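Inspection log for the structure reproduced underneath, given as structure tokens.
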Amino acid sequence: MDYIIRKIEEKELAILVELCQKHAEYEQAPYNVTNKLELLKEVIFAQNPKLYCYVIESGVKLGGYFSFTYDFSTWDAQAFLYLDCLYLEPNFRGLKIGEQVFEKLKQIGQENNCVNIQWQTPTFNERAIKFYNKIGAIGKDKRRFFIDL
Numbered sequence: 310m311d312y313i314i315r316k317i318e319e320k321e322l323a324i325l326v327e328l329c330q331k332h333a334e335y336e337q338a339p340y341n342v343t344n345k346l347e348l349l350k351e352v353i354f355a356q357n358p359k360l361y362c363y364v365i366e367s368g369v370k371l372g373g374y375f376s377f378t379y380d381f382s383t384w385d386a387q388a389f390l391y392l393d394c395l396y397l398e399p400n401f402r403g404l405k406i407g408e409q410v411f412e413k414l415k416q417i418g419q420e421n422n423c424v425n426i427q428w429q430t431p432t433f434n435e436r437a438i439k440f441y442n443k444i445g446a447i448g449k450d451k452r453r454f455f456i457d458l
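My numbering numbers the first residue of the sequence shown as 310 and each following residue consecutively.
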């Protein structure tokens with residue numbers, strides 16, 4: 310399959326919201342689409358973006374996306390790239406696209422003086438965990454907690 314990895318365009322935000330919903334379903338999480346298009350537009354296309362988003366395009370179809378932010382590690386005393394979401398449609402999986410996504414993330418992180426890339430995945434996502442181990446990622450078991458505001 311021929312594909313390109315590129316920054317999302319504003320006209321593709323509705324597709325991004327659909328992909329986010331599919332991603333949430335895959336991770337067995339609730340997702341409310343209300344105002345997501347407008348909210349994502351504000352943070353991705355701002356003069357100083359809070360969120361960066363790339364898509365995987367094959368032909369005219371978007372088959373996945375990944376989004377990230379920059380954060381700071383007290384322990385490392387350096388910036389890091391936080392991969393917030395990575396989702397590929399089923400027919401885009403198993404084609405080594407994930408490896409190319411991580412190569413792109415490494416390039417972006419290095420260009421922005423990040424010490425590392427961090428992310429998380431549900432413990433039941435064994436396929437993703439196997440892939441992350443294969444590309445040399447190191448897992449740290451922690452539980453993520455939330456307080457809704």
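Cβ atoms here follow ideal geometry from the backbone N, Cα and C, with glycine treated the same way. This one's a predicted model, so the numbers in the text were calculated from it and none came from an experiment.
Could you tell me which uninterrupted alpha helix (DSSP H) segments, each at least 4 residues in length, are contained entirely in the stretch 363-431, listed from first to last along the chain? Taking only runs of at least 4 residues, the alpha helix (DSSP H) segments lying wholly in the stretch 363-431 are 406-420.
Using the Cα positions of PHE389 and GLY368, report the straight-line distance between them to the nearest angstrom. The straight-line gap from Cα to Cα measures roughly 33 Å.
Do you know how far the Cα of ASN425 is from the Cα of ASN442? For the pair ASN442 and ASN425, the Cα-to-Cα distance works out to about 16 Å.
Closest residue to SER376 among ILE313, GLU334, LEU414 and VAL342 (Cα-Cα distance): Answer by Cα proximity: LEU414.
Note down the Cα distance separating GLN416 from GLN387, rounded to an integer number of angstroms. The straight-line gap from Cα to Cα measures roughly 17 Å.
Does DSSP classify ILE438 as helix, strand or coil? The answer is helix: DSSP assigns ILE438 an H, G or I state.
6 Å Cβ shell around LEU395 - same chain, five flanking residues per side excluded: The beta carbon of LEU395 is closer than 6 Å to those of PHE375 in its chain, skipping five residues each way along the sequence.
Identify, in the order they occur along the chain, each residue of the same chain with its Cβ nearer than 7 Å to the Cβ of VAL410, setting aside the five sequence neighbours on each side. Same-chain partners within the cutoff: ILE314, PHE375 and LEU395.
LYS415 CB to nearest heavy atom of the ligand GTP below 7 Å: Annotation note on the ligand GTP: not contained in the displayed structure, which lists no ligands.
Is GLU435 buried or exposed, if buried means 16 or more other CB atoms sit within 10 Å of its CB? Taking a 10 Å sphere around the C-beta of GLU435, we find fewer than 16 other C-beta atoms and assign the residue as exposed.
Own chain, CB closer than 7 Å to VAL342, minus 5 neighbours either side, in chain order: Exclusion of the five residues before and after VAL342 leaves VAL326 and GLN330 as the residues of its chain whose Cβ lies within less than 7 Å of its Cβ.
With ILE313 as the anchor, note down where its beta strand (DSSP E) starts and where it stops. Element bounds for ILE313: 313-316.
Taking Cβ positions, are LEU322 and LEU360 nearer each other than 8 Å? No, the Cβ-Cβ distance between LEU322 and LEU360 is not below 8 Å.
Keeping to the same chain, check which residues put their C-beta closer than 7 Å to that of ILE324; ignore five residues upstream and five downstream. Cβ contact annotation for ILE324 (same chain, cutoff 7 Å, sequence separation greater than five): LEU371, in chain order.
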